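Data block below; observations after.
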Amino acid sequence: MMTTTFTHKQQAVNSFNAVWDLLDLNVRTNEETEKMIHLAHTSFYHWTQVEGHTAKNLSIGYWQLSRVYATAGLGERSMYYAERCLSISLENEIEPFYIGYAYEALSRANALLGHNDRSIEQAEKAMEYAKEVVDEGSKEMLIKDLEEIKNKRN
């Protein structure tokens, strides 16, 4: 019998990508939703075990956890991880793209919880950071996600 071992980084990346496979589905079963949540936590845990992991790695992980919980309809949990994402992003002054996405996560969680005024406020902050993003593809992705949240609020 052959066994395969993965480094923490490989496991983090593999789990992260597997989450995206599930997020990209238009419809998920309850089992797929639960698997998506577990994989997001697995990815985050393994990133914390990578020697030399960065605040950016953690910001991305917190953002993915927030998105997964929002997708699962669990607004309070989504909010918790969105707040963690923003906190680590601001404390470490990481690139505007990631701070913008932290505000995007807060906007999404607030929209899910029915806090539309807060959601709009966070989306406006995210858009301010989007304007600072140099890479056009990244900027467009953030703006598209903000538009998606806006459409869900209306």
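First residue of the sequence shown: 7, per this note's numbering; consecutive thereafter. All C-beta atoms in this analysis are idealised placements derived from N, C-alpha and C, irrespective of residue type, glycine included. It should be emphasised that the depicted structure is a prediction, and the values quoted were computed from it without experimental measurement.
Other residues of its chain near Gly-106: CB distance less than 7 Å, five sequence neighbours each side excluded: As a first step, residue 106 is located in the sequence shown; it is residue number 100 there, counting from the start. Around Gly-106: Ala-132, Tyr-135, Ala-136, Val-139, Leu-148.
Measure the C-alpha to C-alpha separation of Thr-77 and Lys-156 and round it to an integer number of angstroms. By 1-based counting over the sequence shown, the position of residue 77 is 71. By 1-based counting over the sequence shown, the position of residue 156 is 150. Rounded to the nearest angstrom, the two C-alpha atoms are 15 Å apart.
Straight-line gap, Gln-70 to Ala-46 (C-alpha atoms, nearest Å): Here residue 70 refers to the residue found at position 64 of the sequence shown. Here residue 46 refers to the residue found at position 40 of the sequence shown. Answer to the nearest angstrom: the Cα atoms are 7 Å apart.
Continuous alpha helix (DSSP H) assignments of at least 4 residues falling wholly in the region 100-152: 102-118, 122-136
Would Ser-49 and Tyr-104 qualify as a contact pair, given that the criterion is a beta-carbon distance under 8 Å? Taking the first residue of the sequence shown as 1, we reach residue 49 at position 43. Taking the first residue of the sequence shown as 1, we reach residue 104 at position 98. For Ser-49 and Tyr-104, no; Cβs fall outside 8 Å.
Pick from Asp-30, Val-19, Ser-125: whose alpha carbon is nearest that of Gln-55? In the sequence shown, residue 55 corresponds to position 49, counting from 1. Among Asp-30, Val-19, Ser-125, the Cα nearest to that of Gln-55 is on Val-19.
Nearest-angstrom Cα distance between Asp-123 and Ala-117? Translated into the one-based positions of the sequence shown, residue 123 becomes position 117. Translated into the one-based positions of the sequence shown, residue 117 becomes position 111. Each residue's Cα considered, the two are about 9 Å apart.
Roughly how many angstroms lie between the CA atoms of Glu-110 and Glu-38, to the nearest whole one? Indexing the sequence shown from 1 puts residue 110 at position 104. Indexing the sequence shown from 1 puts residue 38 at position 32. Going by the C-alpha atoms only, they are around 24 Å apart.
Roughly how many angstroms separate the alpha carbons of Trp-26 and Glu-127, rounded to a whole number? Residue 26 sits at position 20 when you count from the first residue of the sequence shown. Residue 127 sits at position 121 when you count from the first residue of the sequence shown. Approximately 27 Å, taken between the alpha carbons.
From Ser-72, Asn-63, Trp-53, pick the residue whose C-alpha is nearest to that of Met-42; which is it? In the sequence shown, the residue the question calls residue 42 occupies position 36. The shortest Cα separation from Met-42 among Ser-72, Asn-63, Trp-53 belongs to Ser-72.
Any idea if Gly-120 is buried or exposed, counting beta-carbon neighbours within 10 angstroms, 16 or more meaning buried? Position 114 of the sequence shown, counted from the start, is the residue given in the question as residue 120. With fewer than 16 Cβ atoms within 10 Å of its Cβ, Gly-120 is classed as exposed.
Whole-number beta carbon distance between His-14 and His-52, since they are thought to touch under 8 Å: Translated into positions along the sequence shown, residue 52 becomes position 46. Translated into positions along the sequence shown, residue 14 becomes position 8. With 8 Å as the limit, His-52 and His-14 qualify as a contact, their Cβ atoms being about 5 Å apart.
So the candidates are Gly-143, Lys-145, Arg-114; which of them puts its Cα closest to the Cα of Glu-154? Translated into positions along the sequence shown, residue 154 becomes position 148. That would be Arg-114, whose Cα lies nearest to the Cα of Glu-154.
Cβ neighbour criterion (16 or more within 10 Å) applied to Asp-30: Against the sequence shown, residue 30 aligns to sequence position 24. Exposed.
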